[in-house]
Amino acid sequence: MTGHFRQSMAWLHTWTGLVLGWVLYFVFVTGTLGYFDTEIDRWMQPELPVATEMADARATVRVAQDYLEHHAPGHARWFISLPTDRNSPYLSVFSQQGRAHGGPGMHADRVLLDAETGRALRARDTGGGQLLYQMHWKLHYLPEIVGQWTVGVATMFMLLALITGIVVHKKIFSDFFTFRPGKGQRSWLDAHNATSVISLPFQLMITYSGLVFLMTVYMPMIVSAFYGSDDAAQRVFREDLASRPALVQPARTPASLLPLDHIIADAQERWGEGAIDARDVRHPYDAHARVIVRGSIAAGPVRAAPSLVYDGVSGELLAEQAARTSAAKTTRDLLLGLHEGMFAGPVVRWLYVLSGLLGCAMIGSGLILWMVKRRQREAKLGGSAYPGLQLVERLNIATLVGLPVGIAAYFWGNRLLPAELAERATWEANILFLAWAAMAAHAVWRPVARAWGEQLWLAGAAYALLPMLNALTTERHLARSLLTGDWVFAGFDLTMLAVGVMFASVAYALARRQRRFAARQVIDSPPPSHIVATRAEETA
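Under full-length UniProt numbering, the first residue of the sequence shown is numbered 1, with each subsequent residue one higher.
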């Protein structure tokens, strides 16, 4: 019974990993890049100055208030985000007309400000790292709900593949220390086991928490049963989830607005310096004006922040809410915080990225293992690759290497497209998918062995040459970044060099292996018939 059960789990592990494996690879690659979304944003907008630490929160919020008073005097809501950490490196503001509690009128394009002068910072339009991050949970070009459900189903398959993989491998931890290079199928199995075991806790956490992240999308009836299914009911649910007490509708009576730095001073006395992340002003210059001061959700792994609600006219504290409320919400916030990793410092963030890369390697090695195993089986039987195997081979090339080439093209497009091009961010994304489609066509057109090598060499060149492209198109080249301590630009350029070297190394190793295999075939193959006949005549 045990053996039969394990065989059943092996079958389930194989097919749950294969069917949506390419979608999962896309999700893992873009999700891993999402851990450096802010750094990618900054590299893709080289016009922005080097981010510096905020000197004085009170002075900075005065600058933001002056800007909003001049540019959004009649709006229903102001939002100010202070430059507190790597998640928010610049002072930014946006405003909303109409309803202050949601609905149409939100200015989607936030404005970045110089924290000292209040001057708006201008930079090229780009999707940046945020676009890559968003792709990992809603894909692209699809309706958002379709993308979310596709990713959700793939994530459920991933969780099932992880659990069945644990069941299948009786010696899961001893397999971790086993690697047999140059053994074909065994080598790929060892690589798959090693990358799986090293990052197993991360993979379980990231997969389950990803489902929790969109649980109201996948299980909408839970919310609808209590709140209703119309838009107004859903808005009430979101407001209850945000739980902002003491908020009221506008009085429609003009009133003065207390300088926001006075409110910041009171909040700093309660929380301390550096604990304030954002200010949300509802109904400015109305008798019912409210100012919400929020702490940082990146202060710890629990994705929640305390908040204070003040009367915007008198400055009286009306309500105070702790970061953690019910046990259920705290559990949810913890899972979301661990998934996003916004609390992570440089070392922990790199561990997140390395774990994500191991997840990519786990998925990729599993897809290749499926292909190698069946290719060897067909070779033993003397047959050729059947259509399903050929499809998997081409999809593997197009996805495992073609997707990274497309992402490199996305970065190249950021530097080469005209800065004033209309819908520039859209064209950056189009370049990514056009390049990916070209790699898919190349994978179909070329022989399998050559397609692998050519795309690997192309990926190596595309990434390794990015620092040179950056030097030719901006003044923030690698040497200058190192000399001035601009570690975001220096880190990006050095990482691209490392990725390029990695792809080139794999391409070189593959080329050597193919040459050795070709030489061995020549040695092992019998001589042509006319040479055999000539030798026989000479012997006679």
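C-beta atoms are modelled at their ideal positions from N, C-alpha and C, and glycine is treated no differently.
Quick caveat, the model's predicted, so the values are computed rather than measured.
Burial state of residue i, where buried means 16 or more other Cβ atoms lie within 10 Å
i    : result
F36  : buried
G103 : The pLDDT assigned to G103 is 46, lower than 50, so where the model puts this residue is not dependable; a value taken from the coordinates is nonetheless given after this. Burial call: exposed.
D493 : buried
F226 : exposed
A409 : buried
A441 : exposed
L483 : exposed
E393 : buried
V151 : buried
Y141 : exposed
P89  : buried
Q7   : exposed
L472 : exposed
L162 : buried
M221 : exposed
S326 : exposed
A509 : exposed
W11  : exposed
Q321 : buried
W350 : exposed
S314 : exposed
D66  : exposed
Spatially closest choice to residue i from the options, by CA coordinates
i           : options                   : result
L82         : M496, I431, R424 and R62  : R62
V153        : L358, I292, G21 and W350  : G21
G295        : G460, D277, P284 and G312 : D277
T331        : R415, A443 and A304       : A304
L112        : L68, H477 and V347        : L68
M468        : L456, L416 and A504       : L416
G165        : H192, Q130, A76 and Q185  : H192
R374        : Q390, I363, S314 and M362 : Q390
W188        : R110, Q7, S224 and I368   : I368
V291        : V309, V499, R58 and V302  : V309
G146        : G127, I363 and V217       : Checking the displayed sequence, the identity of residue 146 turns out to be Val instead of Gly. The residue with the shortest Cα to Cα distance from V146 is V217.
L336        : E420, M215, G406 and Q249 : M215
Q45         : F433, P418 and P447       : P418
A438        : E423, P447, A422 and Q455 : Q455
R324        : P306, A265 and A275       : P306
L204        : W370, S505 and M362       : M362
M496        : L478, I297, R512 and N396 : L478
A275        : A299, Y285 and A498       : A299
V488        : I264, P346, D261 and P284 : P346
Y352        : I198, R186 and A267       : I198
L132        : E39, A344 and T253        : E39
L466        : S481, P447, D486 and V499 : V499
T253        : P245, Y285 and W457       : Y285
A344        : V302, M219, A255 and L395 : V302
residue 556 : R480, G366, G485 and R515 : With the chain represented from 1 up to 540, any question about residue 556 goes unanswered, as that position is not in the structure.
M502        : M135, L357, T60 and K170  : L357
CB contact flag (residue i, residue j, <9 Å)
i    : j    : result
A287 : A251 : yes
G359 : T195 : yes
F213 : S355 : no
M54  : L91  : yes
L257 : A289 : yes
A51  : E273 : no
G312 : R282 : yes
G406 : W436 : yes
W137 : V223 : no
H4   : V168 : no
G129 : D41  : yes
L139 : P49  : no
Q96  : A64  : no
L421 : D125 : yes
W78  : R279 : yes
T504 : W457 : First, the amino acid is wrong: residue 504 is Ala here, not Thr. Yes, Cβ-Cβ distance for A504 and W457 is below 9 Å.
V293 : A255 : no
9 Å Cβ cutoff, residue i in contact with chain C
i    : result
L381 : Protein chains in the displayed structure number just one, and chain C is not present.
Every unbroken alpha helix (DSSP H) within the segment 254-321, with a cutoff of 4 residues, ordered by chain: Complete alpha helix (DSSP H) runs here, min 4: 260-271.
Three or more C-beta pairs under 8 Å: does that hold for the segment 440-455 against the segment 390-404? Taking 8 Å as the limit for Cβ pairs, the verdict is that the segment 390-404 does touch the segment 440-455.
Cβ contact (3+ pairs, closer than 8 Å) linking the segment 17-37 and the segment 142-162: These segments touch.
For the segment 451-527, which segments carrying the alpha helix (DSSP H) assignment without a break, of at least 4 residues, lie completely within its bounds, in sequence order? Fully enclosed alpha helix (DSSP H) runs of 4 or longer: 466-473, 478-484 and 487-524.
Is there contact here, the segment 334-351 with the segment 199-212, by at least three beta-carbon pairs under 8 Å? With a cut-off of 8 Å, the segment 199-212 and the segment 334-351 count as touching, because enough Cβ pairs lie within range.
Indicate whether the contact test is met: 3 or more Cβ pairs, each with one atom in the segment 417-428 and one in the segment 458-474, closer than 8 Å. Touching, no.
Taking only runs that begin and end inside the segment 67-134, name each unbroken beta strand (DSSP E) of 3 or more residues, in chain order. The qualifying runs are 77-81, 91-96 and 111-113.
Whole runs of the alpha helix (DSSP H) within the segment 214-243, excluding any shorter than 4 residues: Listed in chain order, the complete alpha helix (DSSP H) runs (minimum 4 residues) inside the segment 214-243 are 215-218, 220-227 and 231-242.
Does the segment 219-238 come close enough to the segment 24-34 that 3 or more CB-CB pairs lie under 8 Å? Contact fails: fewer than three Cβ-Cβ distances are below 8 Å.
Mind pulling the alpha helix (DSSP H) runs of 4 or more residues that sit fully within the segment 189-218? Runs of the alpha helix (DSSP H) inside the segment 189-218: 200-213 and 215-218.
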